[in-house]
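Notes follow the structure.
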Amino acid sequence: MTFATLGLIEPLLRALEALGYKTPTPVQAQAIPAVLAGRDLMAAAQTGTGKTGGFALPLLQLLTMEGPKVSSNSIRALVLVPTRELAEQVHENIRQYAEHLPLSTYAVYGGVSINPQMMKLRKGVDVLVATPGRLLDLYRQNAIKFNQLQTLILDEADRMLDLGFSEELRDIYRALPKKRQTLLFSATFSDAIRLLAEQMLDNPLSIEVSPRNVAASSVKQWVIPVDKKRKSELFLHLLRTQRWKQVLVFAKTRNGVDELVGKLQGLGINADGIHGDKPQATRQRALDRFKASEVQILVATDVAARGLDIDDLPLVVNFDLPIVAEDYIHRIGRTGRAGQKGEAISLVCADEVNMLSAIEVLTRQTLTRHEEPDFEPEHRVPQTDATGQVVKKPKKPKKPKAAGGGGKRNLGKWVDSGDVAPAEPSVKPVRKVPVFNTGPRKRKP
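Quick note on this note's numbering: the sequence shown kicks off at 707 and runs consecutively.
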């Protein structure tokens, strides 16, 4: 099966080819024909299944071939997501798929100024990716209208409920046109999700697939804990002591790519970098030189490295862990191909523990840790496991006050120091992951 046999139009096929996607995933093979046929969809699909392509590709095709041009402050398709990070990721994917289409896309979320978002929406947007809280803010300020809405997508609906967005989803549902296509994607079909589907979907097609979340057995994976400020130093140490020959390095941001490449080149190391700010011709030239072994170290963001295919690449280094766990599978899948052995090393700091745990949940394994001598982190990386549990070590107890000091201590309310209750056990499991927002409710993500 190919994307062409699923009925996708030529501009989408061209975008997929440029991104290096050749064969649809199981969820894409089931979802794309159903969405093109106009069906409502309820899909149990975890991260790593290709679900974004499953709804974005047919959605873009329908918007291109059907419906009027978008009018001022209106949108034609709405993709609701639980977090800012996911909004950015989903929007970037949709933008890439729509590269050769006459459609506009945009993402809105909290934590940033609302005014630029209101200005952008004045011209109307074909596909809007949004978090629930910020979408309602824009709607209540008359910055957005739903009169032209054709399609609603709920992505990671279970996480939206977990983060306390039930009320916001109800308010959004009441504001939307009754006649529309609705697609719901969730990791599982819980009772709460089934109830939500009954309220928002019309006779939906139900599909369920397992994630493509197993790395090749030929890839040896491990983690090296390190303080964030010493990552570059550790990378250079490993490069020299391990005598690495050719390495593909992944950094999280464009600035991170430029900074690491600058340090390497400053030391006379043959390195190059690719990211979205660089012209396509420049990126392609760097990729070609790396494939020809003319460049020893190639540093890349996830998006820029799409389509890179080298059969005998020996090593992938995650200088930063990816925000989206499924990208880890894509990264390390670039080594250990064609029967060759490969290695994937991740340099992990304490700030990345939630990302590490999400990767272990997705891959269903606890990654082996090796501390490099002289690089043991001052800020310890909490222990994690494949169940999604993060165990934080206890804080050092404060020194007791001098005898006779008396007085009172602040324990949430004022009590006599002699009334302090015994401390709770100091080592305890802390929350399930992946979670990027905390608290029972997050009204304005």
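Glycine included, each C-beta is placed from N, C-alpha and C at the ideal position.
Option in the options with minimal Cα separation from residue i
i       : options                               : result
Asn1060 : Val1097, Leu809, Ser777 and His1076   : Val1097
Thr894  : Val963, Arg876, Arg865 and Leu784     : Arg865
Ser810  : Asp1057, Lys829, Leu718 and Ile1035   : Lys829
Asn976  : Ile1016, Gln952 and Pro732            : Gln952
Ala724  : Gln986, Val741 and Glu794             : Gln986
Asn909  : Arg886, Leu973 and Leu827             : Arg886
Arg1040 : Val925, Pro931, Lys937 and Asp994     : Val925
Gln1095 : Pro1083, Ile1065, Pro730 and Glu1077  : Ile1065
Leu902  : Leu973, Thr888 and Phe996             : Thr888
Leu858  : Leu882, Ile850 and Thr731             : Leu882
Val1067 : Ala1031, Lys826, Gln1046 and Phe956   : Ala1031
Asp861  : Thr755, Asn779, Ser778 and Ile850     : Thr755
Gln849  : Ile715, Met771 and Ile820             : Here the sequence assigns Ala to residue 849, which means Gln is not the residue at that position. For the residues Ile715, Met771 and Ile820, the minimum Cα distance to Ala849 belongs to Ile820.
Gly974  : Glu914, Ile1003 and Gly744            : Ile1003
Pro1083 : Thr1072, Thr1093, Thr1074 and Leu1053 : Leu1053
Glu772  : Phe996, Lys851 and Pro808             : Pro808
Under 8 Å between C-beta atoms of residue i and residue j
i       : j       : result
Ser784  : Leu834  : For the sequence presented, residue 784 should be read as Leu rather than Ser. Contact: yes.
Lys757  : Phe891  : yes
Leu970  : Leu1027 : no
His797  : Ala721  : no
His1036 : Thr1007 : no
Val932  : Cys1055 : yes
Glu1078 : Leu940  : yes
Leu1021 : Glu1049 : yes
Ala737  : Ala749  : yes
Leu867  : Ala898  : yes
Gln766  : Tyr803  : The identity of residue 766 in the sequence shown is Leu, whereas the question assumes Gln. Cβ atoms of Leu766 and Tyr803: closer than 8 Å.
Leu742  : Pro764  : yes
Leu844  : Glu874  : no
Leu944  : Leu1019 : no
Pro730  : Phe761  : no
Phe1025 : Arg936  : no
Ala992  : Asp978  : yes
Enclosing beta strand (DSSP E) for residue i [first to last residue]
i      : result
Lys926 : Val925 to Pro931
Met707 : Careful: Met707 lies outside any beta strand (DSSP E) and carries neither H nor E.
Leu858 : Thr857 to Leu860
Rounded Cβ spacing between residue i and residue j (contact assumed at less than 8 Å)
i       : j       : result
Leu718  : Arg782  : Leu718 to Arg782, Cβ: 17 Å. No contact.
Lys958  : Ile1029 : 7 Å
Ile1051 : Val1023 : 5 Å
Residue interval of the alpha helix (DSSP H) (run including residue i)
i      : result
Val741 : Pro732 to Leu742
Phe941 : Lys937 to Thr947
Val967 : Arg960 to Gly972
Leu954 : Element bounds for Leu954: not the alpha helix (DSSP H) but the beta strand (DSSP E), Val953 to Phe956.
Asp843 : Pro838 to Arg846
Leu747 : No alpha helix (DSSP H) holds Leu747; the beta strand (DSSP E) holding it covers Leu747 to Ala750.
Arg828 : Careful: Arg828 lies outside any alpha helix (DSSP H) and carries neither H nor E.
Chain B within 8 Å of residue i, Cβ atoms only
i      : result
Asp933 : Absent here is chain B; the protein component of the structure consists of one chain.
Discussion item. In chain order, what are the residue ranges of uninterrupted alpha helix (DSSP H) at least 4 long that sit wholly in the segment 752–815?
Written reply: Correct list: 757–771 and 790–803.
Practice prompt. Write down every uninterrupted run of the alpha helix (DSSP H) in the segment 1009–1078 whose length is 4 residues or greater and which is fully enclosed by it, in chain order.
Written response: Runs of the alpha helix (DSSP H) spanning 4 or more residues and lying entirely within the segment 1009–1078 occur at 1032–1038 and 1059–1069, in chain order.
Worksheet item: Enumerated in chain order, which unbroken segments of the alpha helix (DSSP H) with a length of 4 residues or greater are wholly contained in the segment 881–912?
Response: Listed in chain order, they are 897–906.
Item to complete: With a floor of 4 residues, list each alpha helix (DSSP H) that falls wholly inside the segment 970–1004, ordered by position along the chain.
Response: The qualifying runs are 986–997.
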